Structure formats: C-alpha cells, structure tokens
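For reference, the structure discussed in these notes is given below.
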Amino acid sequence: MEYGGTVSAEHEENEGSCCGPSCCSTDVENGLRAGGTAPEAEAETDDAARLKELVREKYTEIASQDKVENQASCCGSGGCSVEVYNIMTEDYTSLEGYVADADLGLGCGLPTQFAQIKAGDTVIDLGSGAGNDCFVARREVGETGKVIGVDFTDAMLERARTNAVKLGYVNVEFRKGDIEQLPVADDTADVVVSNCVLNLVPDKNKVFGEIFRTLKPGGHFSISDIVIDSELPDPIKSAAEMYAGCVSGAIQKEEYLGLIEKNGFKNVTLQKDRAITVPDDILQRYLDEEALSAFKTSGVGIHSLTVYAEKPATA
34 MEYGGTVSAE
44 HEENEGSCCG
54 PSCCSTDVEN
64 GLRAGGTAPE
74 AEAETDDAAR
84 LKELVREKYT
94 EIASQDKVEN
104 QASCCGSGGC
114 SVEVYNIMTE
124 DYTSLEGYVA
134 DADLGLGCGL
144 PTQFAQIKAG
154 DTVIDLGSGA
164 GNDCFVARRE
174 VGETGKVIGV
184 DFTDAMLERA
194 RTNAVKLGYV
204 NVEFRKGDIE
214 QLPVADDTAD
224 VVVSNCVLNL
234 VPDKNKVFGE
244 IFRTLKPGGH
254 FSISDIVIDS
264 ELPDPIKSAA
274 EMYAGCVSGA
284 IQKEEYLGLI
294 EKNGFKNVTL
304 QKDRAITVPD
314 DILQRYLDEE
324 ALSAFKTSGV
334 GIHSLTVYAE
344 KPATA
C-alpha cells in the first residue's frame, strides 16, 4: 500500500522525569482490562465504555490546569498521562490565532498548519479540548467562516466556551458529543482537523466514517495522531495512564491508513512523520529490566503522523 509523499519527517530524542515509580499506575485502572472471557461483542462494548470514561476522567482533571502546570509535574492533575503528552506536544506559539489560555500542551502535531483552511470555510475540530486548534482555525476562516469544536468532556467545553466569549468570537461553536457519533449534519464541513484524539477512541473506523459523512463533497481533513509500527508489550497496552497518554490506544500505521481508504477517502498523504521516543524512566514503570531491553531492541516505533485525505467531489 502506497501513500503520498511525506512533507516532513523528524526524529526526536526525549527525556522526561516523574516524581517516582509510584506516581503512575502500572495496573489496569477503572475496569480497563487486557483480556477476559466474556462474550466477545459484549466485552468489546463494555471495554469501549470503560475506556471512554477513563479518558473523560483524565481530561476533566487536565482541564483544571494550564499548560505550565500540566508540564511542571506529572503528580498534578492528569497524572503521568500528561507527562507522556509532554514528550509529544509541538509548539503552537508561532501560529497566528494562537490563544495561550486554550493551549494545555495536549497535541502531538500541528494539523491546522497543514489543513489548507481558507477564508469562509467551515471547519470541524474533533476532540477540541479548550479550543487550541479551533482558535487557530478561526484566524484562517475569518468572520465569514465557521468553526465547530466537538468534545465530550464538560470541563473542556466550559473552558473552550469561556475562551470564545473572551475573544468575542461569534462564529466559533463548541458542541458536546462523541466523535464516533458526531452532532453535525451531513455535508457540513470544508475541512476537518483533529490533534492526538483518534488514538483515544475505541472505534476508529466509525470515526473515519463520521468524518466522511460530515465533510462536503470535495472536502478534506488533516489529522495529527499517534500510530505504532509493531505490537506494544502487554504491560504498556493494558496501562490506563499510557492509554490516556495516547500510547497504548494507538494502532499500527498501515492499519490506520487502511481505515482511511476503507471509508472512501482519496489522495491519502502523509504530511509529517515524527518519531517519538518514550524515556526509560517512564517505560520502567511498566516493564522489568529484561522486558525493557527486549522492547528497545525490538524495533517497535511510536510515531506522530499528520495525514491528509480528501472526500471525492463526486460519488
């Protein structure tokens, strides 16, 4: 399977620290399980609900702090999932439309930078948080366009709406909803963006179907997300903090790109591919010395991708 050329590829070595091994959960939390014996369909439904509740709880905590507080210590709100995010986040401060109060340091890319947004466009942001990408998009669409942010966390929605009021933006709207079932009509958006959100969603295929439904014919998306190129060790996959931190919910790159094509999108293009290195002091909370060594020599890669694709103009 081949895709359009990558515009930018980077490799980053990252270092991080935490307040001690006990600050992160190494066990399955909040009912999140690595496996089980329940009937498969029922078990998958239960797991999806638990995962969504885990994400909602973590991001409710994160919404109570600003970027500096979140980056200062993983012992604060959000726990070590925030520390993992700190490894992935990119700098928004140079982008026009940037609003510091909306930047909680949660992204893994700069999708709006690649989204080819034009004046007058309608843009949907999936998992809009405190509004970071929405306000950058608002600068691009101007007064004649519209930006719709969708999030399912009340605390994030409240923060985003407060920011919009302070800025006097009447054409930026924040809706409560699950991005697997977007509260948006068919053929609404010229552009869809999202930043490090789909890896948190149990049914990624359904999300891409919803993106296709809500885009106008000829519309496109630019999405930044985390993918892997091989299987992660089970202790990492089953760790709640690593799920909320956008690592263990990631799927393999080829599967991810395949879902995009499966849902009818064309001209799939990798706009950026950035390798993410998780520091040993984080991995050691989940892997013993032997497992850590095996993981580091296995060639398993974690990547931040920004990917573009178009909905055909005609069926």
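Residue numbers for the sequence shown follow the numbering used here, beginning at 34 and rising by one.
Just so you know, even glycine gets a beta-carbon here, dropped at the ideal spot from N, CA and C.
No experiment lies behind these values; they were computed from the predicted model shown.
Consult DSSP for residue i and reduce its assignment to one of helix, strand or coil.
{"i": "V234", "result": "coil"}
{"i": "P144", "result": "helix"}
{"i": "Q214", "result": "strand"}
{"i": "G291", "result": "helix"}
{"i": "A82", "result": "helix"}
{"i": "Y92", "result": "helix"}
{"i": "R318", "result": "coil"}
{"i": "G164", "result": "coil"}
{"i": "T330", "result": "helix"}
{"i": "T122", "result": "coil"}
{"i": "D267", "result": "helix"}
{"i": "G175", "result": "helix"}
{"i": "E129", "result": "coil"}
{"i": "T195", "result": "helix"}
{"i": "L139", "result": "coil"}
{"i": "V240", "result": "helix"}
{"i": "V311", "result": "coil"}
{"i": "V280", "result": "coil"}
{"i": "A170", "result": "helix"}
{"i": "A188", "result": "helix"}
{"i": "A324", "result": "helix"}
Checking the sheet assignment: what are the DSSP bridge partners for residue i?
{"i": "G182", "result": "D158, F207"}
{"i": "K299", "result": "E343"}
{"i": "L248", "result": "A222"}
{"i": "N228", "result": "S257"}
{"i": "Q285", "result": "I261"}
Looking at residue i: is its Cβ nearer than 8 angstroms to the Cβ of residue j?
{"i": "V333", "j": "S263", "result": "yes"}
{"i": "T247", "j": "I309", "result": "no"}
{"i": "G162", "j": "A133", "result": "no"}
{"i": "D258", "j": "N296", "result": "no"}
{"i": "L320", "j": "F328", "result": "yes"}
{"i": "L137", "j": "I95", "result": "yes"}
{"i": "G130", "j": "G153", "result": "no"}
{"i": "L139", "j": "Y125", "result": "no"}
{"i": "K299", "j": "E343", "result": "yes"}
{"i": "A354", "j": "P250", "result": "Residue 354 lies beyond the range of the chain shown here (34 to 348); nothing can be said about it."}
{"i": "F168", "j": "A222", "result": "no"}
{"i": "P14", "j": "V240", "result": "A question about residue 14 goes unanswered here, because the residues of the chain that appear run from 34 up to 348."}
{"i": "K237", "j": "I284", "result": "yes"}
{"i": "F254", "j": "Y341", "result": "yes"}
{"i": "E191", "j": "Q214", "result": "no"}
{"i": "P235", "j": "D80", "result": "yes"}
{"i": "G164", "j": "A218", "result": "no"}
Is there a Cβ from chain B that is less than 8 angstroms from the Cβ of residue i?
{"i": "T221", "result": "Absent here is chain B; the protein component of the structure consists of one chain."}
So, at 6 angstroms on beta carbons, what are the nonlocal neighbours of residue i in its own chain, with the 5 sequence-adjacent residues on each side left out?
{"i": "N204", "result": "K179"}
{"i": "L316", "result": "L325"}
{"i": "S331", "result": "none"}
{"i": "T122", "result": "G138, G140"}
{"i": "D220", "result": "K249"}
{"i": "E288", "result": "none"}
{"i": "T59", "result": "Below a pLDDT of 50, predicted positions are generally treated as unreliable, and T59, at 40, falls in that range; the measurement from the model is reported next regardless. These residues qualify, in order along the chain: R318, Y319."}
Below 8 angstroms CB to CB, which residues in the same chain sit around residue i once its five sequence neighbours on both sides are set aside?
{"i": "V211", "result": "A small fix is needed here, since residue 211 is Asp in this sequence, not Val. Closer than 8 angstroms at Cβ, skipping near neighbours: K85, F185."}
{"i": "F147", "result": "V40, S255, Q304, K305, T339, Y341"}
Among the residues of its own chain, which have a CB less than 7 angstroms from the CB of residue i, if the five just before and after it don't count?
{"i": "Y92", "result": "T186, M189"}
{"i": "D166", "result": "P144, T145, D158, V226, N228"}
{"i": "L292", "result": "K237, N238, F241"}
{"i": "Y202", "result": "R171"}
{"i": "E294", "result": "V301"}
Measure the beta-carbon distance from residue i to residue j and round it to whole angstroms, keeping in mind my assumption that it falls under 8 angstroms.
{"i": "G160", "j": "V230", "result": "3 angstroms"}
{"i": "I150", "j": "V224", "result": "5 angstroms"}
{"i": "I335", "j": "V311", "result": "7 angstroms"}
Is any heavy atom in the ligand COA found nearer than 7 angstroms to the beta carbon of residue i?
{"i": "A324", "result": "Questions concerning the ligand COA fall outside what the structure shown contains, since it holds no ligand whatsoever."}
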